[in-house]
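Below you'll find the structure, written out as structure tokens, and then a few comments.
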Amino acid sequence: MADDSAPINLTNHFLIAMPGLADETFAKSVVYLCEHSERGALGLMINKPTDIKLQNLFDKVELPLGRADLRDTPVFHGGPVQTERGFVLHEALLNTPPPQGEEPHETVYASTMMIPGGLEMTTSRDVLEALSTGAGPSRVLVSLGYSAWAQGQLESEIGENSWLIVHADPAVIFETPVAQRYDKALSLLGLQAWMLSPDAGHA
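Note that the sequence shown covers residues 210 to 412 in my numbering.
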């Protein structure tokens, strides 16, 4: 018999808000989970842009932005916790195996959470400094604030049918237009938004 109490690990998954999720912050949100353990969960909303552009953010921290491709990219509202602090979700700089005899890749930034699946989440200024010189990760999502759940809280919300869960696809984060990310994440489950309507199935 299966052990129902076995912990689930949803690191590198999307949480997709169900229509019944009334919390204004998370309504119709897609959250990328950077970390999930028995202690709780941490993630970033990837489809709630602020009215701040990346160029504005760099002006505020007094750095030039050396990446023309990123200047008009919105800064995202990552969640309600530490909304004054920046979080940079990006591809690992080296996804290729190291040459024979060399040590495996470790992140080049001072304060980075390495996420299984090839992404990293950096909170230190050095990633912004790299972007200011025209270097840095090729694909980034910058957010202010993050989303967090205490021990057992996310599991409880999932049990209450507040969230759908699907393995994350980086293309949704970095390639899909913001307005389409909710529907694109749903499509990973073979679903469309109308199927989740509270009225679905009622005459």
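By construction, the Cβ of each residue, glycine as well, lies at the ideal position given by its N, Cα and C atoms.
Query, Result
"Sub-8 Å separation of residue 333 and residue 352 beta-carbons", "no"
"Residue 335 versus residue 220 - alpha carbon distance", "25 Å"
"Helix, strand or coil at residue 400 according to DSSP, with G and I counted as helix", "coil"
"Pick from 238, 386, 400 and 389 that is closest to residue 289, judged by C-alpha positions", "238"
"Alpha-carbon to alpha-carbon, residue 254 and residue 434", "In this structure the chain extends from 210 to 412, so residue 434 is not present and cannot be described."
"Where the beta strand (DSSP E) through residue 217 begins and ends", "Taken as a continuous stretch (DSSP letters only), residue 217 belongs to no beta strand (DSSP E), as it is neither H nor E."
"Proximal residues to residue 282 (C-beta, below 6 Å), its chain only, five neighbours per side dropped", "263"
"According to DSSP, residues forming a beta bridge with residue 300", "328"
"Residue 224 to residue 357 span [Cα, whole Å]", "12 Å"
"Distance, residue 242 Cα to residue 235 Cα", "14 Å"
"Length of the line joining the Cα atoms of residue 362 and residue 252", "13 Å"
"Where residue 269 falls, given that 16 or more other Cβ within 10 Å makes a residue buried", "exposed"
"Beta-carbon proximity of residue 272 to residue 350, cut-off 8 Å", "no"
"Distance, residue 323 Cα to residue 246 Cα", "14 Å"
"Contact under 8 Å by Cβ, residue 330 with residue 381", "no"
"Residue nearest to residue 167 in terms of C-alpha spacing, selected from 341, 339, 345 and 301", "Lying before the first or after the last residue shown, residue 167 is absent from the chain, which here runs from 210 to 412."
"Residue environment, residue 206, which counts as buried when at least 16 other CB atoms sit within 10 Å", "Since the first and last residues shown for the chain are 210 and 412, residue 206 lies out of range."
"Beta-carbon gap between residue 402 and residue 392 smaller than 8 Å", "yes"
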